[in-house]
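Novice:
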Amino acid sequence: MSLYSITPGTLIVALDIGKNVHWFGCYRDEGRPVEIIPPQKVRSDTVGLTQFIATVDQLLASGRFPACVIGNEHTGVYHEPWAWRITEHFQPQMQPDAPCPVAYRWLNPLLTKQRQQEASVRQRTSDRTAVAAVAACLADGLGHPAHLLTDQLAHLRELVRSYTQVNQQLRFAGRQLLPQIDRLWPGAIADVKQFRKAHPDLEPPTPIVATHALDRDRLAALLLHCPNPHDALALGATGLIDLFRTHGYRAGPKTAQAILTTLRHSPLPPKAVAAIYAARLQADYHRYVALAEASQALSVQITAVTPSTPAHFVDSVPGISPLLAACYLAPIGDVRYFATATQVWALAGYDLSTAESGDTKRLGHITKRGNPALRDTLYQIGFHTASRCPP
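Numbering follows numbering that gives the first Met the number 0, with no gaps: position 127 of the sequence shown is 126.
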């Protein structure tokens, strides 16, 4: 969609960003981009940046152009070093009253890819055609003004990224731990309520923990300090109580007896094999605990940073915590990139797949093509606000 008008004769500077090498070309808008300087490649270091800026400055100083637009794809991280320097260098000329005002825009890579496909029926791409495609998009007024993150928002975004990555690792570690526990401590974890519902004719089990097993102190004490069930049996009730209390956990005769009862009814692996399993289980659970602590620490940091960012506006909605507000804002970044809430919905992958043919229109499932972390955050926001706000 065309969002901006281009003044005839505008200087168009198109950048194709790479990792080690960037390509750029200069064009004049005459209803279509007319090549002034053919696409050329430069290194992505300061030498290439200096060459790029000198070329653009020379064209701007010539007085041949009423305005200038510089643009590149907004993808990955490789555009960021040049984006900061371009914004810094051309900042005085980015004012509306400048003799030759400069605009800096970012393009969706899908737009440039589509423009390359329109240029040729052959499925061939090159750096030169990529530069031409960027120029064509800029000539049509496509792209968004480049808005670099503030210090506070950049800090928040990196904290949320770390928080998301740690939680992904935490969930994976939890999925790996549960079968190990069932193998070494069979019967230690069981949902008694679900068992009774599914098997009313059988006597329910007596597990050590019933729900949220990996977060229970009772199981944590055993996995961290006595992971071998044979050792737990040998300790007896008094030994288990001493073990728990020595490491700061609460335990009494009832707790110790429940653990021993479960173990006596469990078909434990042989002692030699159990020792091998226990060493692996203890090490994996230590990693799980470290991840859980890192997640909690990041949560505290995010909550402290949120009030100094635009996320505090979202936090003002009943039911939305500072952490949820931060997790919502971080993948969105600058809200000026979005014209409607539907675009945010699509970024999260909540937009519906559609199929139209003639008089038939079918709506399918959500596409799930967006950011899964944002999708989860939006679900959590909906759940918590629904519990706090009337329909």
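By construction, the Cβ of each residue, glycine as well, lies at the ideal position given by its N, Cα and C atoms.
1. Could you tell me whether the stretch 347–358 touches the stretch 168–185, using the rule of 3 or more Cβ pairs below 8 angstroms?
2. What do you get for Arg104, buried or exposed, if any count of 16 or more other CB atoms within 10 angstroms of its CB means buried?
3. Would you mind working out which of Pro204, Ala189, Pro199 and Asp181 sits nearest Pro226, comparing C-alpha positions?
4. Go through its chain and collect everything with a Cβ distance to Arg374's Cβ below 8 angstroms, but skip five positions before and after it.
5. Looking at the secondary structure, which residues open and close the alpha helix (DSSP H) in which Trp184 lies?
6. Relative to the alpha-carbon of Leu280, which residue among Thr384, Gln179 and Gly140 has its alpha-carbon at the smallest distance?
7. Among residues of its own chain, excluding the 5 on either side of Gln50, which ones have a beta-carbon nearer than 8 angstroms to its beta-carbon?
8. Answer with buried or exposed for Ile275, where buried requires no fewer than 16 other C-beta atoms within 10 angstroms of its C-beta.
9. Starting from Phe243, trace the alpha helix (DSSP H) in both directions and tell me its first and last residue.
10. By the three-class DSSP mapping on this structure, what secondary structure does Gln151 have?
11. Using DSSP bridges, identify the partner residues of Gly70.
12. Let's test the definition: count the other Cβ atoms within 10 Å of the Cβ of Gln342 and tell me whether it reaches 16, buried, or not, exposed.
13. Residue range of the alpha helix (DSSP H) that Tyr327 falls in?
14. Taking the runs of the alpha helix (DSSP H) that are 4 residues or longer, which of them lie wholly in the stretch 299–374?
15. According to DSSP, which residues form a beta bridge with Asp28?
16. Is there contact between the stretch 100–116 and the stretch 303–313, where contact requires at least three CB pairs shorter than 8 angstroms?
17. Quick one: is Val68 buried, meaning 16 or more other Cβ sit within 10 Å of its Cβ, or exposed?
18. Which of helix, strand or coil does DSSP assign to Ile188?
19. Taking all protein chains shown into account, decide if Gly357 is buried (16 or more other Cβ within 10 angstroms of its Cβ) or exposed.
20. CA-CA distance, Val191 and Ile207?
21. Name the DSSP beta bridge partners of Pro144, please?
Specialist: On the basis of the coordinates in this document:
1. no
2. Position 105 of the sequence shown, counted from the first residue, corresponds to residue 104. Looking at its Cβ environment, which holds 16 or more other Cβ atoms inside 10 Å, Arg104 is buried.
3. Along the sequence shown, read from residue 1 onward, the residue named residue 226 stands at position 227. Among Pro204, Ala189, Pro199 and Asp181, the Cα nearest to that of Pro226 is on Asp181.
4. For the purposes of this step, residue 374 is identified with residue 375 of the sequence shown, where counting begins at 1. Answer for Arg374: Ala347, Gly348, Tyr349 and Lys367, listed in chain order.
5. Reading the sequence shown from its first residue, position 185 is the one you call residue 184. Note, Trp184: premise wrong, no alpha helix (DSSP H); not H, not E.
6. What you label residue 280 is simply residue 281 of the sequence shown in a count that begins at 1. Out of Thr384, Gln179 and Gly140, Gln179 has the C-alpha closest to the C-alpha of Leu280.
7. Locating residue 50 in the sequence shown gives position 51, where the first residue counts as 1. The answer, listed in chain order, is Val41.
8. Looking up residue 275 in the sequence shown gives position 276. Exposed.
9. Counting from 1 along the sequence shown, the entry for residue 243 is found at position 244. Run containing Phe243: Pro228 to Thr245, per the alpha helix (DSSP H) assignment.
10. Numbered from 1 along the sequence shown, position 152 holds the residue referred to as residue 151. Of the three classes helix, strand and coil, the one that applies to Gln151 here is helix, per DSSP.
11. By 1-based counting over the sequence shown, the position of residue 70 is 71. Looking at the DSSP assignment, Gly70 forms a beta bridge with Ala13 and Arg104.
12. Position 343 of the sequence shown, counted from the start, is the residue given in the question as residue 342. Result: exposed.
13. Position 328 of the sequence shown, counted from the start, is the residue given in the question as residue 327. Pro321 to Ile331 is the extent of the alpha helix (DSSP H) around Tyr327.
14. 310–314, 321–331 and 340–346
15. The count along the sequence shown starts at 1 and reaches residue 28 at position 29. Answer is Pro32, bridged to Asp28.
16. no
17. In the sequence shown, residue 68 corresponds to position 69, counting from 1. Classification of Val68: buried, given that the 10 Å Cβ count is 16 or more.
18. Position 189 of the sequence shown, counting from 1, holds the residue named residue 188. Residue state, collapsed to three classes: strand.
19. Locating residue 357 in the sequence shown gives position 358, where the first residue counts as 1. Burial call: exposed.
20. For the purposes of this step, residue 191 is taken as residue 192 along the sequence shown, with counting starting at 1. For the purposes of this step, residue 207 is taken as residue 208 along the sequence shown, with counting starting at 1. Distance between the alpha carbons of Val191 and Ile207: 11 angstroms.
21. Position 145 of the sequence shown, counted from the start, is the residue given in the question as residue 144. Answer is Arg104, bridged to Pro144.
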